[in-house]
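Down below is the structure, laid out as structure tokens.
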Amino acid sequence: KAGVTQTPRYLIKTRGQQVTLSCSPISGHRSVSWYQQTPGQGLQFLFEYFSETQRNKGNFPGRFSGRQFSNSRSEMNVSTLELGDSALYLCASSNGLAGGPGEQFFGPGTRLTVL
Amino acid sequence: AQKVTQAQTEISVVEKEDVTLDCVYETRDTTYYLFWYKQPPSGELVFLIRRNSFDEQNEISGRYSWNFQKSTSSFNFTITASQVVDSAVYFCALSGNTGGFKTIFGAGTRLFVKA
Chain A
493 KAGVTQTPRY LIKTRGQQVT LSCSPISGHR SVSWYQQTPG QGLQFLFEYF
543 SETQRNKGNF PGRFSGRQFS NSRSEMNVST LELGDSALYL CASSNGLAGG
593 PGEQFFGPGT RLTVL
Chain B
47 AQKVTQAQTE ISVVEKEDVT LDCVYETRDT TYYLFWYKQP PSGELVFLIR
97 RNSFDEQNEI SGRYSWNFQK STSSFNFTIT ASQVVDSAVY FCALSGNTGG
147 FKTIFGAGTR LFVKA
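Protein sequence lines, in the order shown, are assigned to chains A and B. Everything in the first sequence is counted per my numbering, starting at 493 for the first residue and increasing by one. Everything in the second sequence is counted per my numbering, starting at 47 for the first residue and increasing by one.
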């Protein structure tokens with residue numbers, strides 16, 4: 493099976509701009525979660541989508557949003573970028589079925605730099 | 047609130063030494079799951095193990111072993127006869143039923159294994 497893919501891998505933006513990141517989960521996986529990883533805050537949960545519905549949300553401002561398409565691909569959007577949004581954004585997929593959270597398969601991440 | 051504490055920021059060992067990575071968690075949930083992930087220098091997180099709150103049985107997988115103790119809220123990870131390829135950041139994570147099983151990660155422990 494192909495792994496989780498994320499595009500783009502690297503991105504440079506300036507403050508005030510917006511950005512859209514994309515994630516393609518493993519075939520058959522219906523759950524996609526997004527995380528922000530920074531040296532200071534570590535790995536923080538952004539949100540999870542399952543079957544096109546947001547199932548869980550972390551404590552991030554409304555500038556961070558996401559969506560999931562019928563083919564389970566997911567996008568996250570950050571509007572009005574701030575310097576503090578510079579981070580590695582990780583996407584993880586899992587089958588998301590009942591029985592508790594399963595193992596997550598992570599993508600390589602998108603490295604976002606905000607200047 | 048849920049919390050995962052990995053008190054060891056960095057550990058350095060010489061190859062073939064045994065090393066234990068500590069993980070202490072806090073949750074009021076009765077149903078929860080604990081995970082360990084490895085993040086090698088390449089950056090992609092790799093799933094190592096999942097354990098649910100009703101299964102305190104310790105697990106061994108090759109050189110890796112995990113000790114889950116609900117009495118002390120700990121889920122420690124031991125690498126026996128460490129190898130240079132074990133050098134990575136290791137994350138402990140918790141996912142509880144309150145809040146829909148969103149995953150909370152610890153700060154991570156960076157392990158250096160020297161030849």
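Ideal Cβ positions, reconstructed from N, Cα and C, are used throughout, including at glycine. Only a predicted model underlies this, so the values are computations on that prediction, with no experimental measurement involved.
Simplified DSSP state of residue i, which is helix, strand or coil
i        : result
Val131/B : helix
Lys148/B : coil
Leu580/A : strand
Thr155/B : strand
Thr499/A : strand
Thr118/B : helix
Leu575/A : helix
Asn563/A : coil
Asn548/A : strand
Arg74/B  : coil
Gly558/A : strand
Exposure of residue i, with buried meaning 16 or more beta-carbon neighbours within 10 Å
i        : result
Lys116/B : exposed
Ser525/A : buried
Asp577/A : buried
Nonlocal neighbours in the same chain, by C-beta distance under 8 Å from residue i, ignoring five residues either side
i       : result
Gln85/B : Leu91, Val92, Ala134, Val135, Tyr136, Phe137, Gly154
Ile57/B : Val65, Leu67, Thr155, Arg156, Leu157, Phe158
Closest residue to residue i among the options (Cα-Cα distance)
i        : options                                : result
Val496/A : Arg603/A, Leu582/A, Thr605/A           : Leu582/A
Ser516/A : Val606/A, Lys505/A, Ala494/A           : Ala494/A
Thr77/B  : Arg156/B, Gln103/B, Gly142/B, Ile106/B : Gly142/B
Ser88/B  : Arg501/A, Ser557/A, Phe561/A           : Arg501/A
Sequence-distant residues of its chain with Cβ nearer than 7 Å to residue i (five each side left out)
i        : result
Gln528/A : Gln536, Leu538, Ala579, Tyr581
Glu575/A : A small correction: the amino acid at residue 575/A is Leu; Glu does not occupy that position in the sequence shown. Result list for Leu575/A: Arg507, Val606, in chain order.
With 7 Å as the limit, tell me which residues of the stretch 90 to 103 of chain B have their beta carbon closer than that to any beta carbon of chain A; keep them in chain order.
Close to chain A, meaning a Cβ-Cβ distance shorter than 7 Å, are the following residues of the stretch 90 to 103 of chain B: Glu90, Leu91, Phe93, Arg96, Asn98.
Please list, in chain order, the residues of the stretch 531 to 557 of chain A that have any C-beta partner in chain B closer than 7 Å.
When C-beta distances to chain B are compared with 7 Å, the residues of the stretch 531 to 557 of chain A below that value are Gly534, Leu535, Phe537, Glu540, Arg547, Asn548, Gly550, in chain order.
What are the residues in the stretch 144 to 155 of chain B lying within 8 Å of chain A by C-beta distance?
Those would be Gly145, Gly146, Phe147, Lys148, Thr149, Ile150, Phe151, Gly152, Ala153, Gly154, in chain order.
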